[in-house]
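Shown next, in structure tokens, is the structure this report addresses.
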Amino acid sequence: MNLSIYERRRLTVLAVVSTIIVLLVVTLGGNSSSQDTASPSSIAATTTSTPLENSDAVGPLAEDASKPVNLDGPLSLQPNGQSRIAYPGPGEMKRINAKASYRTFPSYNSTICYSAAAPLGAELTVINLNNGKSVKCDNVFAILLPAGVDIVLHSPLFLRIANLVDAPLPVTVSW
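Quick note on UniProt numbering: the sequence shown kicks off at 1 and runs consecutively.
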């Protein structure tokens, strides 16, 4: 049975509308029986409670019953709005988040890559953010980067951290 696109759309809309109507009838119809409608009953719950007084406290902390108790460790300090900020030292590595792709560089060493963000000749560490695998490569000069890509790895290097079909790949580049 070959139906045109319009007939298939009509059948789809009819199926969706009828499903919605059936679901509304089932949910709004409820599950009431004749016993429920004949004599509605109400259940009321009552509870009583007595608050503890400080005079009821016993033990070594009876005089400090209103203070919070830390079971182990030092007492917590009140926040004063100050905190330590870590600044990278002069020898710290530079790091960027980037998109990586691959290219086969002809007759070159297999440990080369190119990134315009890193200095030429630097040894780069590229970490795949999807699986945590990493490779090291030497940043060499290349003229063009593909659109949307920040670093190009030599194909054998790219295969160490991901499959070729995964390109462009989210990575962290550090040097």
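Cβ coordinates follow ideal geometry from the N, Cα and C atoms, glycine included. This structure is a prediction, so every number in the text was calculated from the model and none was measured.
Minimum C-alpha distance to residue i - residue among the options
i    : options              : result
N109 : N130, C137, A122     : C137
A162 : R103, R84, N131, L23 : N131
R103 : S83, V13, L157, K133 : L157
Own chain partners of residue i with C-beta closer than 7 Å, once the 5 adjacent residues on each side are dropped
i    : result
A142 : Y114, V152
F105 : I112, H154
G148 : K99, P168
P146 : S101
Cβ-based burial, residue i [other Cβ within 10 Å; buried from 16]
i    : result
Y6   : exposed
V135 : buried
L159 : exposed
L11  : exposed
L124 : buried
N139 : buried
I127 : buried
L120 : exposed
L24  : exposed
DSSP state of residue i mapped onto helix, strand, coil
i    : result
A142 : coil
T172 : strand
R103 : strand
T125 : strand
A86  : coil
S134 : strand
S115 : strand
L14  : helix
Beta-carbon contacts of residue i that lie in its chain and below 6 Å, excluding the five residues immediately before and after
i    : result
I96  : A117, V173
A86  : none
K133 : I161
L77  : none
Rounded distance between the beta-carbons of residue j and residue i, thought under 8 Å
i    : j    : result
L129 : P170 : 4 Å
K99  : D150 : 5 Å
A167 : S101 : 4 Å
8 Å Cβ shell around residue i - same chain, five flanking residues per side excluded
i    : result
L164 : Y102, S155, F158
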